[in-house]
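Data first, discussion second: the structure below is written as structure tokens.
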Amino acid sequence: MTRPNVSPGTVTVFTDVMCGWSTLALHRFYEARDAAGLTGRLHVDLQLFLLEDLNRTALTTRMIEPEKPVINALAPELEFTEWQHDPYEWPVTSLPANEAVHAAKEQSFAAAEELDMALRLAFWRDSRCISMRHEILDVAVRCKEVDVDRLREAFDSGQARGPMMQSYFAHRDDVQGSPHFFLADGTDVANPGIELHQEGEGGTEVPVVDDDEPGVYDGLVRHAAIAAGVA
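Per numbering that gives the first Met the number 0, residue 0 is the first one in the sequence shown, and the count goes up by one each step.
In structure tokens:
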């Protein structure tokens, strides 16, 4: 296994902005981090795990819409909603949004975290087409940690794309899914606290949660903080 580098003071998470399970995981991780008083000390280093490339297909409404009520039942505060616009307005790719997050990370981990979650909610909750440049930048304007002028320059020049894709290609065969957490002491865990299976076939699969233990994030944050040297 080619283990990813975990920067000092961080936990590395491989994820895709259009992944509902990683949105739930990051939401829970941030809540646990807040409760532990570690916000601003323990950062998330977001790395791309590009589901559309891995699956060789766009993330369609048929894949994503059935996940929304399931995840809402676990975290109703996220307020995921059914797609509110015409089907042709659905984002065909998550790559530009993920690239914007990596461009924001050139400013700070905090900027990347904030933009990443804002883009997730823009898609999952607000039905915004986050494959569009103007939508991404409109979301970024509302992120206090993000310098939008710097983000626009980095995004338009494509300077984050190369390192982002290099990391993805280097680790995609070893990452077990979105999300996958890697800690500084060499431990890792995929989709913490969740066990699920799919029911149905022929493109009508629905996720069914077999076990959900949100409390694992308290332990994960403590473990990550000790491993990162910020406990």
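Glycine residues also receive a C-beta, built at the ideal position from the N, C-alpha and C atoms.
Counting the other CB atoms within 10 Å of its CB gives GLN46 a total of 16 or more, which places it among the buried residues. In this structure the segment 19 to 26 lies against the segment 175 to 193, because at least three pairs of beta carbons, one per stretch, are closer than 8 Å. Spatial neighbours of LEU195 in its own chain (CB-CB distance under 7 Å, excluding positions within 5 residues in sequence) are listed in chain order as PRO206, VAL207, VAL208 and ASP209. By the C-beta density criterion, GLU198 is exposed, having fewer than 16 other C-beta atoms within 10 angstroms. Looking at the DSSP output, GLN46 sits in a beta bridge with PHE13. In the three-state DSSP reduction, PHE79 falls in the coil class, being neither helix nor strand. For GLU152, the enclosing alpha helix (DSSP H) starts and ends at 147 to 156. In the DSSP annotation of this structure, HIS170 is not part of any beta strand (DSSP E); the continuous alpha helix (DSSP H) holding it starts and ends at 160 to 170.
About 4 Å separates the beta carbon of ALA110 from that of ALA103, a gap short enough to meet the 8 Å contact definition. Along the segment 101 to 127, the alpha helix (DSSP H) occurs as fully enclosed runs of 4 or more residues at 108 to 123, listed in sequence order.
Taking PRO191 as the centre and dropping the five residues before and after it, the same chain places the C-beta of ALA24, PHE180, VAL215, TYR216 and LEU219 closer than 7 Å to its C-beta, in chain order. The beta carbon of ILE63 sits closer than 8 Å to the beta carbons of MET17 and GLY19 from its chain, once the five residues preceding and following it are set aside; these are given in chain order. If you check the CB distance, LEU182 and VAL10 come in under 8 Å. A straight line joining the alpha-carbon of GLY161 with that of HIS170 spans about 14 Å. Only exposed fits TYR87, as fewer than 16 other CB atoms lie within 10 angstroms of its CB. At a Cβ-Cβ threshold of 8 Å, ALA230 and ASP184 do not count as neighbours. Residue VAL43 holds the alpha-carbon nearest to the alpha-carbon of PRO7 among PRO90, ALA117 and VAL43. If you draw a straight line from the Cα of GLU105 to the Cα of ARG2, it is about 22 Å long.
Excluding its 5 nearest sequence neighbours in each direction, ALA72 has no C-beta neighbour in its own chain below 6 Å. Assignment of ASP209 by DSSP, reduced to helix, strand and coil, places it in the strand class.
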